[in-house]
Every structure is written in C-alpha cells, then in structure tokens.
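Below: one structure, written as structure tokens.
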Amino acid sequence: MSTPNIKIAAKNLTVGYGDYILLKEADFEVRQGDIFFVMGSSGCGKSSLLRVLTGLLPPQAGQVLINGEDFAAATPENKQHIMRHCGILYQSGALFSSMTLGENVALPLQQYSDYTPEEIDELVELKLSYVGLGGFKDFYPSEISGGMKKRAGLARAMALDPDILYFDEPSAGLDPVSSKHLDDLIRQINHSLGTTIVIVSHELDSIYSIGTNSIFLDAASKSIIARGNPNELVKNPPNETVYNFLTRGGEKHGK
Amino acid sequence: MSAQLNYNIRNQELEIVLAGDFIHNKTPHADLLSAIHNVKNITFNAASLKSWDSSLVVILFELAKTAQSQDVKIDWSGLPANLQEMISLALTSSATPPTREVQKQDFFTTLGEDTLNNYHSLKQGLSFIRSAMNSFARLLGGKAIMRKIDFLFALEGCGYKAIGIVSVVSFMVGLILAYVGSIQLKNFGAQIYVASLVAIGMTRIMGAIMAGIVMAGRTGAAYAATIGTMQVNEEIDALKTMGLSPMDFLVLPRISALILAMPVLTLLSDIMGILGGAVVGIFTLGIPYESYWDYTWDALFLKNFWVGIFHGFVYGWIISICGGYYGINCGRNADSVGIATTKAVVSSIVWMIVITGVLTVILQEFHL
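Sequences listed follow chains A and B, in order.
Residues 1 to 255 (our numbering) make up the first sequence, in order.
Residues 1001 to 1368 (our numbering) make up the second sequence, in order.
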C-alpha cells in the first residue's frame, strides 16, 4: 500500500498574536483528496490557524509545508507561487463590490494565466456555471443574495484550478437548503477534481455530511485534542469536550 | 505529452478523440464548434486522455451549449467519469438570472427626475438640520440621551489631537500670506504693512477658514466614516429598535464637541498664522522686531477677532452636520462608506465657502 500524498503538513506550529498564544506546537497533516475540517469552540483559534495556513499571519514558531515546501519561510515570490495553487472562500464571499461577478472571477485568470480575453470569458462562464450562476456574469455583488455571493466567491476561488481549497465558515449565514447545496458542491469538486479541501467550521451537519478527516482545537490546553474522521470521532470521542461539541451537549449526531 | 484534439465525421456522427495532457491547454476549438452544423450525434474517445483541467472542460462546455442550441445529441460516456460529472455540474446547476429592464429616458424626464431627487435631498437635509437643532435643544434642556464619554472622546479627537495639524497648516498660511503681500507692498516701500495684512487676514477670516478646511478633511471625514460603518454593521438599526435616537446618541456628541473645539482651534490658527507671518517679516523682509509687533498689535481689532471666532463656531456646525448627515444616510456596503466620506468633506467645504460669502455680505451691511 502506498503512503497517501500529503498536501499540507503543520510541524510544531504555534499560532498567536504577540504574547497571546492560541495554539501551541501543533502537528497535523492533510492528505490529497481529504475534506479536512478544523473544528473547535469559538475563540479556540480556528480562523487564526486558517490565516496562518493561507499566509495572512506568520506563525509564532514551527513550519507549514504545502506540497512539501515550507510556506511560512518562503520568500514573497515563492509564497505567491504556492498560493496560486490554493483558492480561498472567505466567510462573506469577499467579492470586490466595484466589479461584476464575471470581473471578480476573471481577475486571477488575468493576473496569473496567459489565456486570451476570449478564453478567459469562456472560463468565467464555466466557473460561474459550476456554482449555479451561469448568466449572472454581468451582475454586481450588491444585486445578488448572500448565498449567491458565497457561490460566486467559490467560483473565483476555483478560477485557477487550485489543488487546495480553503473555506472559512462556508455555512455561516446560509439557510439549510443553501447550506446543503454548498456542501454538495464542495463534495462534488472534491470527488471530480480531486481537490483537497480544508474547512474551518463548527457546523455539525456539514462536518458529518462531507468531512473525511478533522482536527479538534481546544482553547484551554491550546492544543489539538482529537483528530480523525468526524463520524468515527463521534462514536469514540476521546474526551468530554469533544463529545459535548460533536453531540451538541448530548444530542445524537453522525452518520 | 501535449494535448491532441481530433475529430472525424462519419454518417452524421462526430467522433471527438482526446489524447494527452489538457493542462492550461490553448487548443483552438472554433473548427470543432462549426463542425457540429453537419451532424446529429457526438461521441467521444478519450482512451489516451491522461490529465485535464478547466481548459478541457471549457471546450466541452462550449460544445454542449452549441449542440443544445442545434438539437445535436451528445453521448458523454466515452469520457472519464469525473470529467462527465464536472460537465454535468456546469450544465445542470445554473439558476435563471432575473431580467433587467433597461429604461431609456428622454432629456426632460431625466431633468425632471434629477430635479425631484435634488428637491427630496434638500428636504431630507433640512429635516436633518432641524432634527439636530431639536436634539441640541434637548441637550440644553437636559433631556437628550448623550453619553458623556462619547462627548469627551469626540472632543479629544477634534480638539487636542487636531492641535498639531491646525498649527502647522496655519503657520504656513501666515507665512505665505506675508510673502505674497510683500511682493506688492515693497513696490511702495510699505513692507511694514505686511504685519497688518497678516494680523487682519488671519483674525478676520483666514484662521477660521484654515481650521475649518483642516477639520472638514480630518474630523468631518472621520464622522461620516465612523457613523457610515455603524450603518453597514446595523448598529444604527440596533439603536433605533432599542428606542434610542441615533441623532442624540451618535451625532449630538460630535456636534457638541466640534462647535466647542472650533472656536478654540480658530484662535490657535490666528496665533500660528501671525507667528508664520512674523517669521517672514522679521527674518526675511528685515522689519525690526519691535516695529513688526507694534503694527501687528495695532491691526488686531477685537471686532475682527470675534468675527473670526464666530465663523469658526459656524464651521463647527457645518462640518459636524455634514459628517453626521452623510454617515447616517450611508448605504450598506464598503463602497457607500467611501462615497459618504467624500460627500461629507466636499459638501462641508462647499457650504463653508457659501456661508462665508453670505456672512461677509451680512456683516458688511452691519458695518462689522
């Protein structure tokens, strides 16, 4: 049996702001094709960890390896090169309000590819169609709903066919149906394109429905206190904190 | 292996053969799309297809759309399963965008609508001013809900923290005024009157105007941006639903602070402008120290001084009202905050100049 391909590896990673430490000497690995959840209660450092993984916040100590390259220690040029293989969907979609949806999706293609304007137009239409927004190319973010903004943000994140897609609370602010559609879309992208997905979330329905691997961050010990498939973790929780989180204080969950 | 896209037509059936690596592929496909005109079915042979990305999916997506419009059937089964899934995803999940009505208006309709909009804006602005005055009256009557800490915080922002910038700008204006004045006055050997020019100019109007312009750009913009961001974050909605008046709670502390700070900043601006003029007069034009101060002192009329302070007080109202008005009426996205800030600064300065013109005429009529 071959060793699974490791896409992201954190080694002795310490995350924090100055003297305020959120996560201490953490180790974890994300394999190719994983739908990897970063879970934990509010304030445990999930979003800060995502900021470190995406290069927005330097780690206090340790390494982040993306495709074997030390991302945290890379030069700005190398960092840019690595990030071209990564797409990020922010909580609000983070679309540029002065640009149409088409222009938002076209921006990374114009900056980082040698496609002609006609080819870019066709790719933009395709990416928007993936997320169910074909025909919305000329709309501005202010003209569409919150759920549509997230999907348009996903189309932009997918513009350069990334190997890794990061999601920050993808279900936040969505109704249950839109949330399920987004989960289905994430699963299909992962399945059809083999894209590695990293999701910061505490939305249990999504975690159980699409998660294949996870880590659980604990604010009190500033460490990872559980790891593995969320559906396995809920059956055999390693401690009460994880049990309470995964069962919403005792309610039954999981597949 | 480079990407290869070939096709052959047999018995009105188009077979597309894909081979190699379709990664960032730029294979032209216009011929392929035009070949669809002569066929009824499309099939695929992708046995030698090694890898692919969106550059292949986009060709197949375009092909599918063209085929759909011409009633040509496509059998996708010759493609890898995951590629079929992505094409299916692109073809099936699109929502129908709402239709946008493009209205063409003639000149008079546009003119009429613009006039009505401007009328409504003016009415809204006057209503805001009335509301601000009422709020201020409630404050004087001890009935307004204004937190002291908000007032002190605003006073710190527009008072103590503005001293540096107002001083520097006013000093430089006094300096410029002295230089420009000396160009003409020295032709008549009357350079000594530079002292009078700077003293009268700064105390009567320039001190107030410079303090006003600096504060419009600094504090007026900050008021609009802060209150506008509160609008975006729904904080103003929260105040309204709690039964608290955003005017009392947000605008009043800022108005009170600025109308208190502006006369003091005007006084500071007067002093710094006179000092700037003195530097030029004494050190560059060579006017004796005592003479310069004598002429300055003689030109400092109490009437001019009070006119300047009064202007500063009025500018305080204008700047804080413009900042508050555009902040409260800000839209609900990031762009709106920028627009509100710009409008607050521009309208503050425009109204300051307009009101100065009106006040100048009135004060002249009363020989002040």
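Even for Gly, the Cβ is constructed at its ideal location relative to N, Cα and C.
Are any of the Cβ atoms in chain A nearer than 9 Å to that of residue i?
{"i": "B:T1096", "result": "yes"}
{"i": "B:E1062", "result": "yes"}
{"i": "B:M1086", "result": "yes"}
{"i": "B:T1194", "result": "The amino acid occupying residue 1194 of chain B in the given sequence is Val; Thr does not appear at that position. By this cut-off, B:V1194 is not an interface position."}
{"i": "B:K1026", "result": "yes"}
{"i": "B:S1187", "result": "Here residue 1187 of chain B is Asn; the residue named in the question, Ser, does not match the sequence. So no, B:N1187 is outside the interface."}
{"i": "B:V1057", "result": "yes"}
{"i": "B:A1334", "result": "yes"}
{"i": "B:S1069", "result": "no"}
{"i": "B:A1090", "result": "yes"}
{"i": "B:S1077", "result": "no"}
Taking DSSP's pairing of strands, which residues face residue i in a bridge?
{"i": "B:L1005", "result": "B:L1018"}
{"i": "A:I256", "result": "Past the edges of chain A, shown from 1 to 255, lies residue 256 of chain A, and the structure says nothing about it."}
{"i": "A:M31", "result": "The question names Met, but residue 31 of chain A is Arg in the sequence shown. A:I6, per the DSSP bridge assignment."}
{"i": "A:Y20", "result": "A:Y17"}
{"i": "B:K1073", "result": "B:N1041"}
{"i": "A:D70", "result": "A:L65"}
{"i": "B:R1010", "result": "B:E1013"}
In terms of residues, what are the limits of the beta strand (DSSP E) holding residue i?
{"i": "B:C1158", "result": "Per DSSP, B:C1158 belongs to no beta strand (DSSP E); it is in the alpha helix (DSSP H), K1148 to C1158."}
{"i": "B:V1280", "result": "That residue, B:V1280, is in no beta strand (DSSP E); it is neither H nor E in DSSP."}
{"i": "A:K7", "result": "I6 to Y17"}
{"i": "B:L1049", "result": "N1041 to W1052"}
{"i": "A:E169", "result": "Here A:E169 belongs to no beta strand (DSSP E), and DSSP marks it neither H nor E."}
{"i": "A:F36", "result": "I35 to G40"}
{"i": "A:A226", "result": "S223 to R227"}
Contact defined as beta carbons within less than 8 Å: I believe residue i pairs with residue j. What is the distance between those atoms, to the nearest angstrom?
{"i": "B:T1341", "j": "B:A1225", "result": "5 Å"}
{"i": "B:V1251", "j": "B:I1328", "result": "7 Å"}
{"i": "B:I1259", "j": "B:W1317", "result": "6 Å"}
{"i": "A:G50", "j": "A:K222", "result": "Before going further, note that residue 50 of chain A is Leu rather than Gly in the sequence given. Not a contact, Cβ separation roughly 16 Å."}
{"i": "A:F167", "j": "A:S41", "result": "In fact, because the Cβ distance is near 19 Å, the residues do not count as touching under 8 Å."}
{"i": "A:E29", "j": "A:N12", "result": "Not quite, the Cβ-Cβ distance comes to about 13 Å (not below 8 Å), so this is no contact."}
{"i": "B:D1248", "j": "B:S1135", "result": "5 Å"}
{"i": "B:Y1326", "j": "B:A1195", "result": "Actually they are not in contact, since the Cβ atoms of B:Y1326 and B:A1195 sit about 41 Å apart, beyond 8 Å."}
{"i": "B:A1067", "j": "B:I1087", "result": "About 12 Å separates the two Cβ atoms, so there is no contact after all."}
{"i": "A:P170", "j": "A:L56", "result": "That belief does not hold up - the Cβ atoms of A:P170 and A:L56 are roughly 18 Å apart, past 8 Å."}
{"i": "B:L1056", "j": "B:A1019", "result": "So it is not a contact: roughly 11 Å between Cβ atoms."}
{"i": "B:T1203", "j": "B:G1277", "result": "With 8 Å as the limit, B:T1203 and B:G1277 do not qualify as a contact, their Cβ atoms being about 11 Å apart."}
Just the Cα atoms here: how many angstroms apart are residue i and residue j?
{"i": "A:L107", "j": "A:A94", "result": "13 Å"}
{"i": "A:A9", "j": "A:S209", "result": "24 Å"}
{"i": "B:I1349", "j": "B:I1319", "result": "8 Å"}
{"i": "A:D34", "j": "A:Q110", "result": "29 Å"}
{"i": "B:E1365", "j": "B:I1192", "result": "30 Å"}
{"i": "B:R1254", "j": "B:F1151", "result": "7 Å"}
{"i": "B:G1078", "j": "B:Q1004", "result": "16 Å"}
{"i": "A:L154", "j": "A:R187", "result": "13 Å"}
{"i": "B:I1074", "j": "B:N1025", "result": "22 Å"}
{"i": "B:A1257", "j": "B:A1132", "result": "14 Å"}
{"i": "A:G260", "j": "A:T54", "result": "This structure does not reach residue 260 of chain A, given that chain A is present from 1 up to 255, and the question cannot be answered."}
{"i": "A:I120", "j": "B:E1234", "result": "38 Å"}
{"i": "B:L1155", "j": "B:F1128", "result": "22 Å"}
{"i": "B:L1175", "j": "B:M1206", "result": "12 Å"}
{"i": "B:D1114", "j": "A:G147", "result": "35 Å"}
{"i": "B:L1126", "j": "B:F1108", "result": "27 Å"}
{"i": "B:C1330", "j": "B:N1117", "result": "16 Å"}
First and last residue of the alpha helix (DSSP H) that includes residue i?
{"i": "B:F1305", "result": "L1302 to I1328"}
{"i": "A:A61", "result": "Careful: A:A61 lies outside any alpha helix (DSSP H), inside the beta strand (DSSP E) at A61 to I66."}
{"i": "A:N213", "result": "Counting along the chain, A:N213 falls outside any alpha helix (DSSP H), though it belongs to the beta strand (DSSP E) covering N213 to D218."}
{"i": "B:A1199", "result": "V1194 to G1201"}
{"i": "B:A1334", "result": "A1334 to E1365"}
{"i": "A:L101", "result": "L101 to Y112"}
{"i": "B:I1129", "result": "F1107 to L1140"}
{"i": "B:I1176", "result": "I1163 to L1185"}
{"i": "B:K1240", "result": "E1235 to T1241"}
Kindly indicate if chain B contains any beta-carbon less than 9 Å away from that of residue i.
{"i": "A:T116", "result": "yes"}
{"i": "A:F111", "result": "At residue 111 of chain A the sequence reads Gln, which differs from the Phe that was named. False, the Cβ-Cβ gap to chain B never drops below 9 Å."}
{"i": "A:K127", "result": "yes"}
{"i": "A:D34", "result": "no"}
{"i": "A:L107", "result": "no"}
{"i": "A:F28", "result": "no"}
{"i": "A:D183", "result": "no"}
{"i": "A:G153", "result": "no"}
{"i": "A:P141", "result": "yes"}
{"i": "A:F167", "result": "no"}
{"i": "A:G93", "result": "no"}
{"i": "A:Y130", "result": "yes"}
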